[in-house]
Each structure stands twice: as C-alpha cells, then as structure tokens.
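For the sequence shown, position 185 matches number 185 in the UniProt record's numbering, and the numbering has no gaps at all.
Here is the structure we will look at.
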Amino acid sequence: MDVPIYYEQQKLQLCGLASVNNLLQKQEYSNQTMNNLANQLPKVENTFFNFHSSFFKIGNYSADLLITALEKKGKKAVYFDKRKPEKLQVIVQENSVLGLLIHKYKKGLIKDTNHWFAILQKNQLWYNLDGKLKEYVCLGNFDNLFTFLKKELENFSIFIVLDNIYQNLNVNKQNEHSNIDPNEQYIGVQQEKIVDRQENSDNSNIIQQKNQQQEQFQEFQQQQQQQQQQQQQQEQQQQQQEQQLESQEQKQQEQFQEQQQQQEQQEQEQKQQEQLQEQQEQQESLEQQQQEKVDPIKQMDNLELKDSNQQTNN
C-alpha cells in the first residue's frame, strides 16, 4: 500500500519554504508568513540588509530562519558534521528522525547557486522531496539514501530534523518517578547528545567536538550570508540594468515619435507646396484661356480696319 506523501514544488526562489512544508507534510507556511518570521529575527550587524530573506522578499531564506520555522512547529534541526558521514546511520537508528534538511551550494563560472531541499523518512523509507523535481522520488532504504548523499557530499550542508520534541517532553513527565532521569531523556533530542553519539568519547572530546561543530556551523552561516549578499547585489544590479534598458527604450521611443512628427510635418509642407503649385498652374491656365478668347476679336477688328482703309484709298 502506497504511503501518502505531501509534496510541494518550489516557486521562484522559495526552495526553503517548500523544504519546510515538505518536512512538516502540509502547507504550514506561506511566503508572507515566512517573510514575517524573517522580520522578527535579529538582523546582521552593520548592514541594512536582512539576510534571513532576499532583498525582494522572494526567497533565499537563511538556515536560522528555516530552523526557527521548524522549531515553532515542534521540530528540532541539528547540524550534522559531514566529515564523519558514517555516523549518520547511528544517529538515525537511535533517534526519532523526521528527515533531513539539506543546503546545496555550488560555485559556478558566472553565478554561484544555493538550494534547499528536504528528504523525508516515513516507515523506514526515505523520500527525496526536492522542490525542483516534477514529483518526489522514493530513495528506498538507508543504504540508498547514503549512496545518494555521498555523490555530492562536498556540496551539501546537512541538518538532521528530529521529530516532535514536545512529545518527547511528555514522555519525560510520565517517567519522572522511574529510575530513568527525565533530563537525560530530554538531552537525547538535543545537540549535546547527538555530538556525544557521534564522537563516543569522554567529556573533553565532546566539548571539543561541540566547539568545532559550532565553529563549522558559524562558518556555514557566514558563507551563506556572503552568498545572500552577493545574490542581493546581483538582484540590485539586474534591477538597475532593467531600469537603464527601460530608459533607453523610452528614449528610443521618444526619438522615433519625434522623427515621425518631423516626417509628418515635412509631408504636410510638401503637400501644401504641391497644392500651391497646382493652384498657380490652374491660374495660369485660366489666364491663358482668357487670352486666347480675346485674341480672335482683336484679329477681326484689325481685318475690318484694314478693309476700311483699302476702300478709302480706292
């Protein structure tokens, strides 16, 4: 029997929004609610940009924003140290893992690309819910998932998304009178426990690994902020280019209209000259016709005068 899967394709640059909704398996957030949440988070110091979303509010959401959005729905996103990918299976086996939130960064010749997508676990099967796909893809068991991740591991930053932490807290309350320490159970869904299981060493190594992991996560955040700043600058440059192009088109249109007006004016003047010339020709023709009517009469008078003179001489 097929397992019903909610799958949301991304629109514009809203891959982060689609990833969160796909992990939550319903449309919990919209572009507007995600932007509102971004405005509530602290902005980066010494800049007028809010790096939790893009300048034009069409996506490019930060890791902090996506993690916060998941936490508001009772999920916990933990940054995974991909330097030891083999530890992922242990974490998945020992925790209630909802899925993976993956950031893919790839450096290009002209433009770098950033992309968020989600991988969901359901009934021990893993599903690729990348919003760029036409439809989701069932990867199968963990071995298939691991093979998929290894192909582009160097381009991935992976967050393990734990299932409902509030439900775990309720379990702790039920066991508060048992021999199991509820605080220890709660730690099981926190990052300290994840780090402990990854390293499986003494407390000093745990602290060291936690610091390294925190530094790596901070470095990832800084890289993402720089990438988003570059993206915003590119968007602004593109907007300026579009404005310049629009201004050039407007000038060309004005020049074309001016040329049309000049041409129409020239045609009108030429037409007036032709009309004037035609009138002059008509006037000359009329005068000539009148002259031709007068000349025969003069000729008759001259003949009569000549005859009269001849008779007188005789």
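Ideal Cβ positions, reconstructed from N, Cα and C, are used throughout, including at glycine.
Because the structure is a prediction, the values reported are computed rather than measured.
Please classify residue i: does DSSP put it in a helix, a strand, or coil?
{"i": "V3", "result": "coil"}
{"i": "E199", "result": "Caution applies to E199, whose pLDDT of 49 falls short of 50 and renders its modelled position unreliable; the value that the coordinates give is listed next. Helix, per DSSP."}
{"i": "Q283", "result": "helix"}
{"i": "S157", "result": "strand"}
{"i": "L41", "result": "coil"}
{"i": "L14", "result": "coil"}
{"i": "V189", "result": "Confidence at V189 is low in this model, with a pLDDT of 36, below 50, so the placement of that residue should be treated as unreliable; the coordinate-derived value is given next. Coil at V189, not helix or strand."}
{"i": "K173", "result": "Low local confidence applies: a pLDDT of 39 at K173 is under 50, so the model's placement there is unreliable, with the coordinate-based value given in what follows. Residue state, collapsed to three classes: helix."}
{"i": "I58", "result": "Bear in mind that the predicted position of I58 carries a pLDDT of just 35, short of 50, making it too unreliable to give a figure here."}
With distances taken Cα to Cα, identify the nearest neighbour of residue i among the options.
{"i": "M34", "options": "L24, V20, K26", "result": "V20"}
{"i": "Q238", "options": "K111, S285, E152, Q222", "result": "K111"}
{"i": "L17", "options": "Q40, A69, E274", "result": "A69"}
{"i": "L65", "options": "Q257, E258, Q224", "result": "Q224"}
{"i": "I91", "options": "K72, I160, Q25", "result": "I160"}
{"i": "E216", "options": "F80, F117, E254, Q279", "result": "Residue identity differs from the one stated: residue 216 is Gln in this sequence, not Glu. Among F80, F117, E254, Q279, the Cα nearest to that of Q216 belongs to F80."}
{"i": "Q89", "options": "F146, Q266, L14", "result": "F146"}
{"i": "N39", "options": "L23, Q25, S62, E235", "result": "S62"}
{"i": "K72", "options": "F117, Q253, L41, Q272", "result": "L41"}
{"i": "N164", "options": "I5, P4, V3, L24", "result": "L24"}
{"i": "residue 344", "options": "Q270, Q13, E246, E94", "result": "Because the chain spans 1 through 314 in this model, residue 344 falls outside it and cannot be assessed."}
{"i": "V137", "options": "P4, E94, N95", "result": "P4"}
{"i": "I119", "options": "E94, L109, S157", "result": "S157"}
{"i": "Q121", "options": "Q283, Q93, L276", "result": "Q93"}
Am I right that residue i and residue j are in contact with their C-beta atoms under 8 Å? What's the rounded C-beta distance?
{"i": "N114", "j": "Q227", "result": "6 Å"}
{"i": "N155", "j": "K87", "result": "Incorrect: roughly 19 Å between the Cβ atoms, too far for contact."}
{"i": "P85", "j": "L162", "result": "Between L162 and P85 the Cβ distance is about 18 Å, and since that is not below 8 Å, they are no contact."}
{"i": "N31", "j": "Y7", "result": "No, N31 and Y7 are not in contact; Cβ-Cβ is about 18 Å, not under 8 Å."}
{"i": "K82", "j": "L37", "result": "So it is not a contact: roughly 27 Å between Cβ atoms."}
* Can you list the beta strand (DSSP E) stretches of 3 or more residues lying completely in the segment 66-142, in chain order? -> As summarised for the segment 66-142, the continuous beta strand (DSSP E) elements at least 3 residues long and confined to that stretch are 76-79, 97-106, 113-122, 125-128, 137-140, given in chain order.
* Asked: Okay, do the segment 129-142 and the segment 71-79 touch, 3+ Cβ pairs below 8 Å being the bar?
  -> no
* Asked: Between the segment 82-102 and the segment 121-135, do at least 3 Cβ pairs fall closer than 8 Å?
  -> yes
* Report yes or no: do three or more beta-carbon pairs, one from the segment 89-99 and one from the segment 111-127, lie closer than 8 Å? => Cβ pair count under 8 Å is three or more, so yes.
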